[in-house]
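Novice: Before we start, here is the structure in question, set down as structure tokens.
What follows is the structure in structure tokens.
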């Protein structure tokens, strides 16, 4: 197993991703934390930052957004009327790629100012497998 964490996303005791069985990348929950530790105020801003962080870890691991096979979005206090915002941001990042997905509303997350967390399972790009 190889652990991978993108710069600026270090959390003690947690890897951003673990690569196992040669080409499978298991990604930890990614939060909307900017490199300076700040968290955007809006749901859309938090989704953008969480996807940006997820993308950074995928790239560091040798994968990309189109390598995601399974993704789970956790949203604190989720309401159905937020679905359009969630889909719009997700679609900007996935660009037509449609991994198996789940959206789960939760009561609490890692920090009280965090409303979004995204975890995923991805595969390495062919060039990263060799």
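Numbering (our numbering), first residue to last: 900 to 1029.
We put the CB at the ideal spot given by N, CA and C, even for glycine.
These figures come from a predicted structure and were not determined experimentally.
Just curious, the alpha helix (DSSP H) that residue 1008 is in, first and last residue?
Specialist: Here residue 1008 is taken as the residue at index 109 of the chain shown, counted from 1. No alpha helix (DSSP H) contains residue 1008, which DSSP labels as neither H nor E.
Novice: Where residue 966 and residue 921 are concerned, what is the direct C-alpha to C-alpha distance, given to the nearest angstrom?
Specialist: On the chain shown, residue 966 is found 67 positions in, with the first residue counted as 1. On the chain shown, residue 921 is found 22 positions in, with the first residue counted as 1. Between residue 966 and residue 921, the C-alpha separation is close to 14 Å.
Novice: Do you know offhand how far residue 970's Cα is from residue 948's?
Specialist: As a position in the chain shown, residue 970 is number 71, starting the count at 1. As a position in the chain shown, residue 948 is number 49, starting the count at 1. Approximately 16 Å between the Cα atoms of the pair.
Novice: Please work out which residues of its chain come closer than 6 Å, Cβ to Cβ, to residue 928, disregarding the five sequence neighbours upstream and downstream, and give them in chain order.
Specialist: Working through the chain shown from its first residue, we reach residue 928 at position 29. Closer than 6 Å at the Cβ level, and outside the excluded window around residue 928, lie 1016, 1018.
Novice: Ignore the nearest five residues each way along the sequence and tell me which others in residue 1038's own chain have a CB closer than 7 Å to its CB.
Specialist: Residue 1038 cannot be examined here, being either before or after the span of the chain that is shown, 900 to 1029.
Novice: Quick one, which of 957, 934, 974, 961 has its alpha-carbon nearest residue 1001's?
Specialist: Start at 1 with the first residue of the chain shown, and residue 1001 comes out as number 102. That would be 974, whose Cα lies nearest to the Cα of residue 1001.
Novice: My assumption, with CB atoms under 8 Å, is that residue 926 sits in contact with residue 953. Please give the rounded CB distance.
Specialist: Start at 1 with the first residue of the chain shown, and residue 926 comes out as number 27. Start at 1 with the first residue of the chain shown, and residue 953 comes out as number 54. Contact holds; Cβ gap of about 7 Å.
Novice: Starting from residue 971, trace the beta strand (DSSP E) in both directions and tell me its first and last residue.
Specialist: Residue numbering aside, residue 971 sits at position 72 when the chain shown is read from its first letter. Where residue 971 is concerned, the enclosing beta strand (DSSP E) stretches over 967–975.
Novice: Could you name the residues that DSSP lists as bridge partners for residue 932?
Specialist: Translated into positions along the chain shown, residue 932 becomes position 33. According to DSSP, residue 932 bridges with nothing at all.
Novice: Can you give me the C-alpha to C-alpha distance between residue 951 and residue 978, rounded to a whole angstrom?
Specialist: Taking the first residue of the chain shown as position 1, residue 951 is located at position 52. Taking the first residue of the chain shown as position 1, residue 978 is located at position 79. The straight-line gap from Cα to Cα measures roughly 23 Å.
Novice: With a threshold of 6 Å on Cβ separation, who are the neighbours of residue 996 within its own chain once the five nearest residues in sequence on each side are excluded?
Specialist: Residue numbering aside, residue 996 sits at position 97 when the chain shown is read from its first letter. The answer, listed in chain order, is 965.
Novice: Could you give the first and the last residue of the continuous alpha helix (DSSP H) run that contains residue 943?
Specialist: Numbered from its first residue, the chain shown carries residue 943 at position 44. Taken as a continuous stretch (DSSP letters only), the alpha helix (DSSP H) holding residue 943 covers 942–960.
Novice: Is it buried or exposed for residue 1023, if we count other Cβ within 10 angstroms and need 16 for buried?
Specialist: Taking the first residue of the chain shown as position 1, residue 1023 is located at position 124. Residue 1023 is buried by the Cβ-count criterion.
Novice: What would DSSP say about residue 1001, mapped onto helix, strand or coil?
Specialist: Locating residue 1001 in the chain shown gives position 102, where the first residue counts as 1. Three-state DSSP puts residue 1001 in a strand.
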